[in-house]
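For the protein sequence lines, the chains are A and B, in the order given. Per the UniProt record's numbering, residue 1 is the first one in the first sequence, and the count goes up by one each step. Per the UniProt record's numbering, residue 1 is the first one in the second sequence, and the count goes up by one each step. Heads up, the beta-carbon is just placed ideally off N, CA and C, and yes, glycines get one too. First the structure, in the form of structure tokens, and then the observations on it.
Number of protein chains: 2
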Amino acid sequence: MVPHWVPRWPVWFFLASPRWRQTACTLRPSVEQRRWLGSRWLAGVASPLAYRGCSSASSHTSKVTLTKDRYPVQRLPFSVVSEEDLATFERIIPGRVITDPEELEAPNVDWLRTVRGCSKVLLRPRTTEEVSCILRHCHERNLAVNPQGGNTGMVGGSVPIFDEIILSTALMNQVISFYSVSGILVCQAGCILEELSRYVEERNFIMPLDLGAKGSCHIGGNVATNAGGLRFLRYGSLHGTVLGLEVVLADGTILNCLTSLRKDNTGYDLKQLFIGSEGTLGVITAVSILCPPKPKAVNVAFLGCPGFAEVLQTFSTCKGMLGEILSAFEFMDAECMWLVRHHLHLTRPVQESPFYVLIETSGSSAGHDAEKLGNFLEHVLDSGLVTDGTLATDERKIKVLWGLRERITEALSLDGYVYKYDISLPVEQLYDIVTDLRIRLGPRAKHVVGYGHLGDGNLHLNVTAEAFSTSLLDTLEPHVYEWTAKQRGSVSAEHGVGFKKRNVVGYSKLPAALQLMHQLKALLDPKGILNPYKTLPSQA
Amino acid sequence: MVPHWVPRWPVWFFLASPRWRQTACTLRPSVEQRRWLGSRWLAGVASPLAYRGCSSASSHTSKVTLTKDRYPVQRLPFSVVSEEDLATFERIIPGRVITDPEELEAPNVDWLRTVRGCSKVLLRPRTTEEVSCILRHCHERNLAVNPQGGNTGMVGGSVPIFDEIILSTALMNQVISFYSVSGILVCQAGCILEELSRYVEERNFIMPLDLGAKGSCHIGGNVATNAGGLRFLRYGSLHGTVLGLEVVLADGTILNCLTSLRKDNTGYDLKQLFIGSEGTLGVITAVSILCPPKPKAVNVAFLGCPGFAEVLQTFSTCKGMLGEILSAFEFMDAECMWLVRHHLHLTRPVQESPFYVLIETSGSSAGHDAEKLGNFLEHVLDSGLVTDGTLATDERKIKVLWGLRERITEALSLDGYVYKYDISLPVEQLYDIVTDLRIRLGPRAKHVVGYGHLGDGNLHLNVTAEAFSTSLLDTLEPHVYEWTAKQRGSVSAEHGVGFKKRNVVGYSKLPAALQLMHQLKALLDPKGILNPYKTLPSQA
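So, in structure tokens, the structure goes:
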């Protein structure tokens, strides 16, 4: 039996040594972090592949197996960092070249403790010019580089695989400017999302994205991984909200597209290339981003629906009746509710139903928003789309309702071995795979559950079993990926590709697209020094 | 004296012959088109360069001078279409190879009648496969191709410069699918925006973009030019709302990234490359786009402000108090109001003020929206940010108020020769250039006015004079571009580059960015056959 890693201890505890973190990072999780831990921290272990070779990660004292030993991956013929290289780096960033093995431990391991590199040097530039000098040298010397932000990624994209130089953005944490009329924030890539949130909230704006990992993740990393998160439904993708980027290319060229303009149609929108490219095409050093005004009121409704068709109709109705104030539409099935009640002893706030829906609104008038939600609730109850519902307007009750949705992952982890998938599908087909798998797996699975960001078409598909089983895994994979591909879905909705998913990208990208990805990589990084072994499928 | 082209006749009159238009296009402008004519149709003639060589375009009977004769541009060594080529095209798209000179007249001229090509063949494919076969042949034969949608572009990007083959998307006008829950529309590139609007509005959604040219423009062209338009402030850029594209590359390769997913983080977001690339990197053949729910209520407020600082503060306040229902924030200065009153005899609905602001809201509850606007108005009046204001909730009055803003261009054209610029600036600096130019030009200008989409940081800067004057032009250019560059603004906010602005792109893009643009062009279209002489600055 493969050991079942039940992470009951805050993962924050295992996080990077504070010695190399410039910004304060508490060793105990904050409320926000705990919320994240409760709901999201396991999501990155989406592919059972991560478990396959995971001999033991159940204790924070044990070392994570080296990626090169666990996975079938060959080191590419990059140079090895020499004393001369270190001396050069020391000249570029005096006192900020880290070679102490103890200090290098944390940045070599992903925060899920599933992949581990063996880099021997961490560089901590403060300026774009320093990044440029570093990359110019690495390019000349054919040294591989692993750009690293907050190291909170889910797919092993933020840590080295072999001995890549770790280029940390941690000291690039300055706000460059904030336009208080337009809400446009320009800052260095290493700014921590939560600190930026605080900064703009003091000025009556909010960041257009919010993640459980906000206490650690860097805005540059968010952009590099095209992070989704909790505000996606309302404020959309970073491809729309990021207005400008400054990027250092593989050869050290500084590509300054750091405009603070909502409209700019002067040629190709080059910044788009780097959003979601996971540091493989360039290192993002600064970001210009549009911040929406801070909402004055937040309300949450929790509803029971008699079927998935009614969930979809509720979503349509809700979009029509709540429209501009809708900020989240999450769903969970009856088995999810059973799990959170059984394992976490949470109270079901509405009558038992096959499906439950959580709707959040954010608006500029508490009264109006509550009235809209009230009218909507009355309508969906009268029409039978919803059989029961409750509305929360005070913060405490809102948190209780969100807890039901956010703690599903925690409940799942208490149910047994969990096979996890984070897929994107046309919303109409979102639940079919769950039903399909229940039939396919029969009694071999304890539970097959579906929940997630319905508003974004993002399904968290989870299967629990008494223990890990290769035969169950083989029944699941590649079936789930093939099924997703058949619906033209995405095998990675929001977590990206990184190292772990690079060989399943082909389920969502056609050969011509994969070829163009490789061509773009070859154009922008001909020596392949930037974040190697990531994002692009390994070429046979 | 260079003749002053005062286009009093509907420009639609000059538009393409209905014989080669599949979809109905009235020869008389619709109400929408008239609204556009009133406010936008001149905006494309942003650079006086377009006027410089414009000998006479004041009558629809006169021929537009050939671009190759008017501008200093050399034909690149592409092949010339042969009889064998025509036979090949005829095999690929039987009966849809147009060589009749009369039928070719309209698609050779831009709708502003400022540029004219001399193409001898127009191809009208219906399917992506046909586009692919055509481009494969053109690529092999080194034949240049000018992709053409509705030919409503403002910068001469949609018509040939020499004898490029015109590849029209007019017959690619089928809706492929519509997801009624998520509001995701998938359609061919040649669908006319207005028809798509009608299609989705019947299903309680709206298109995320709206343009005056919607009666003619194609969605593929909108995406290829990254069209802005009237809904930009609310629904953002096409980089955020376009979910997928199908594109045929220069060599005929079909790049199918036509997903209907809100979230997809499986590698590089390749579709972004083609949004705004004006047909120079590939031909968009199909589009997947996210449609927002149809708002139930629209309200408009028209306000007078004592200064530009107050305009900005009103904008900030408005974002805070109206937040999610704000759908337009337009401004105009006192000289604009003088012009529309003097030349068009429109009534000023509020007391005389140095600045005027038009605010539109769109929401899901008429009562709530009106109440929010009422509260906001009370607040800005009490605080002195606004000295007078009026609120319209019925359609007739809304149109009257919009008319004041939309008919400024018409009023300007009646004031004399107009020097026009469409620039994007940080909103805080938006009006400085107007003040600067008033001082700089002194009595040589009749009026220097500023108005535009303040919410998007998009300024329409206009200078009127008794007649065209080279010395006045030399005072304006490159000063306006240099000034814009100094503020890190954009010399083309929403109209793109096309042919007319390709040599001023350098004011908004740094050399490293221009170089990467050229590299991307070389990667995707190594022979340069796609829309040559456009978008990229001519290389010395």
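Under the DSSP definition of a beta bridge, which residues are partnered with residue i?
i	result
residue 246(B)	256(B) and 286(B)
residue 337(B)	Residue 337(B) pairs with nothing; no bridge assigned.
residue 192(B)	218(B)
residue 293(A)	205(A)
Mind checking residue i: buried by the 16 CB within 10 Å criterion, or exposed?
i	result
residue 237(A)	buried
residue 357(A)	buried
residue 342(A)	exposed
residue 147(B)	buried
residue 502(A)	buried
residue 389(A)	buried
residue 177(B)	exposed
residue 439(A)	exposed
residue 82(A)	exposed
residue 158(B)	buried
residue 395(A)	exposed
residue 140(A)	exposed
residue 128(B)	buried
residue 602(A)	Summary: the structure shown does not reach residue 602(A), with chain A confined to residues 1 through 540, and so no result is reported for it.
residue 91(A)	exposed
For chain A, find out if any of its Cβ atoms is closer than 8 Å to the Cβ of residue i; answer yes or no.
i	result
residue 330(B)	no
residue 315(B)	yes
residue 237(B)	yes
residue 337(B)	no
residue 136(B)	no
residue 269(B)	yes
residue 413(B)	no
residue 266(B)	yes
residue 520(B)	yes
residue 161(B)	no
residue 523(B)	yes
residue 74(B)	no
residue 63(B)	no
Check whether the Cβ of residue i lies closer than 8 Å to any Cβ atom in chain B.
i	result
residue 539(A)	no
residue 456(A)	yes
residue 324(A)	yes
residue 179(A)	yes
residue 79(A)	no
residue 142(A)	no
residue 428(A)	yes
residue 491(A)	yes
Would you kindly report the start and end of the unbroken alpha helix (DSSP H) that includes residue i?
i	result
residue 221(B)	219 to 224
residue 610(A)	Residue 610(A) lies beyond the stretch modelled for chain A, which goes from 1 to 540, so this question has no answer here.
residue 409(B)	408 to 413
residue 470(A)	470 to 476
residue 138(A)	128 to 141
residue 462(A)	Per DSSP, residue 462(A) belongs to no alpha helix (DSSP H); it is in the beta strand (DSSP E), 458 to 465.
residue 433(A)	432 to 441
residue 88(A)	83 to 92
Kindly indicate which residue of the options has the alpha-carbon position closest to the one of residue i.
i	options	result
residue 304(A)	386(A), 370(A), 327(A) and 251(A)	386(A)
residue 506(A)	119(A), 182(A), 445(A) and 536(A)	536(A)
residue 232(A)	404(A), 416(A) and 291(A)	291(A)
residue 431(A)	484(A), 105(A), 530(A) and 80(A)	484(A)
residue 465(B)	492(B), 436(B) and 420(B)	420(B)
residue 219(A)	366(A), 150(A) and 391(A)	150(A)
residue 122(B)	136(B), 110(B), 103(B) and 130(B)	103(B)
residue 206(A)	180(A), 335(A) and 316(A)	180(A)
How far does the beta strand (DSSP E) with residue i in it reach, from first residue to last?
i	result
residue 423(B)	417 to 424
residue 147(B)	145 to 148
residue 504(B)	Per DSSP, residue 504(B) belongs to no beta strand (DSSP E) and is neither H nor E.
residue 453(B)	447 to 453
residue 165(B)	165 to 168
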